[in-house]
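Data block below; observations after.
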Amino acid sequence: MQQWQIEILRCPFDRARLDVKEEQMQCVECQRTFPVVGGVPSFVLPDLATAHEREEWLRKQSEIQARDMQASQYDHLLGLVLMSPVEARMTLRALRGKAGQFAALAEIGCGTGRMLRHFAALADFVIGVDFSLQSLQLCRQRMQQAGILEKVMLIHADACFLPLADEMLDAVASCQLVEHLPSDRLRRQVLAEMARVLKAGGRYAVSGYHWSWLTRWSGAKQGMHQGGIYYYRFTRNEFYELVSAHLPVESLRSVLGYVWLASGSKEA
Ligand SMILES: [Zn+2]
Numbered sequence: 004m005q006q007w008q009i010e011i012l013r014c015p016f017d018r019a020r021l022d023v024k025e026e027q028m029q030c031v032e033c034q035r036t037f038p039v040v041g042g043v044p045s046f047v048l049p050d051l052a053t054a055h056e057r058e059e060w061l062r063k064q065s066e067i068q069a070r071d072m073q074a075s076q077y078d079h080l081l082g083l084v085l086m087s088p089v090e091a092r093m094t095l096r097a098l099r100g101k102a103g104q105f106a107a108l109a110e111i112g113c114g115t116g117r118m119l120r121h122f123a124a125l126a127d128f129v130i131g132v133d134f135s136l137q138s139l140q141l142c143r144q145r146m147q148q149a150g151i152l153e154k155v156m157l158i159h160a161d162a163c164f165l166p167l168a169d170e171m172l173d174a175v176a177s178c179q180l181v182e183h184l185p186s187d188r189l190r191r192q193v194l195a196e197m198a199r200v201l202k203a204g205g206r207y208a209v210s211g212y213h214w215s216w217l218t219r220w221s222g223a224k225q226g227m228h229q230g231g232i233y234y235y236r237f238t239r240n241e242f243y244e245l246v247s248a249h250l251p252v253e254s255l256r257s258v259l260g261y262v263w264l265a266s267g268s269k270e271a
């Protein structure tokens, strides 16, 4: 494990520092141990259940299972194949703002790396967080093939309990993650976590399902995707309110009527 990686990792339960050993990390406070699985430090422990309502926890477990199972097909979903080039271009522009190159950037909910490979061009060090270990293993292969694994750290963690230190990142992004959090409380917690790990003046971009004429035609405001993945579609006001409760919204626009994209800088 490289020095910059050790510097930024924290226990997700109490945010204390971690002692790095061969195949695991240990919290210096609570003494919990976290394994490193195939190069990926793993912070998704059963203990996290106690910080959730029963229904929230069950829905999260159902999504983890579905994401693990669907990981190898994810990048071939037709909607994503069609939308990804436009989404990537808009998200990168929104995230960058007037900033140049970032030192450290994290994507929360990186999945198999659909967007992470684009973000990697913007920063010296890149962190990808996801709670599907299968997706992360595919993401790791993809980063290796792209020749950028050296500057990428993938972390198996829950987006509501980021194992990252306060205010160490210059940029944080999250693409189509927040709509899958199974309660309003957890959606807010993800935004609070993103704001916490971002430096003052750091840039963010966050996207989530748009409840638009297009998506009205093809589905419900909230429900379940195939395989047991919960989703919620936001009105403009709902999305604005969710993000602006934690981070100042400079720009809020729709990407093809499919997702909202909010961006801005944390107060300096
Ligand atoms: Zn701890």
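Residues in the sequence shown are numbered consecutively from 4, following my numbering. By construction, the Cβ of each residue, glycine as well, lies at the ideal position given by its N, Cα and C atoms.
Roughly how many angstroms lie between the CA atoms of residue 103 and residue 126, to the nearest whole one? For residue 103 and residue 126, the distance between alpha carbons rounds to 9 angstroms.
Verify the contact flag: residue 17, CB atom, against every heavy atom of ligand 1, threshold strictly below 8 angstroms. True, at least one ligand heavy atom lies under 8 angstroms from that Cβ.
The segment 66-86 touching the segment 192-209, judged by at least three CB pairs closer than 8 angstroms: Taking 8 angstroms as the limit for Cβ pairs, the verdict is that the segment 192-209 does not touch the segment 66-86.
For residue 142, the first and last residue of its enclosing alpha helix (DSSP H): Segment 136-148, the alpha helix (DSSP H) holding residue 142.
At the level of alpha carbons, what is the spacing between residue 31 and residue 203? Taking the straight line from one Cα to the other gives about 27 angstroms.
Hey, residue 246 and residue 259: beta-carbon distance below 9 angstroms or not? Result no, Cβ atoms of residue 246 and residue 259 do not sit closer than 9 angstroms.
Segment contact, 8 angstroms Cβ cut-off, at least three pairs: the segment 81-100 with the segment 128-140: They do not touch, by the three-pair rule.
Which whole-angstrom value is the C-beta distance of residue 217 and residue 261, which I expect to be below 8 angstroms? Beta-carbon to beta-carbon, residue 217 and residue 261 are separated by about 7 angstroms, close enough to satisfy the 8 angstroms threshold.
Taking 8 angstroms as the cut-off, is the beta-carbon of residue 34 closer than that to any non-hydrogen atom of ligand 1? A distance criterion of 8 angstroms places the beta-carbon of residue 34 in contact range of ligand 1, judged by its closest non-hydrogen atom.
Does any heavy atom of ligand 1 sit closer than 8 angstroms to the C-beta of residue 113? False, no ligand heavy atom lies under 8 angstroms from that Cβ.
So, are the CB atoms of residue 108 and residue 174 less than 9 angstroms apart? Their beta carbons are under 9 angstroms apart, which means residue 108 touches residue 174 by this criterion.
Hey, how far is the Cα of residue 18 from the Cα of residue 181? Between residue 18 and residue 181, the C-alpha separation is close to 22 angstroms.
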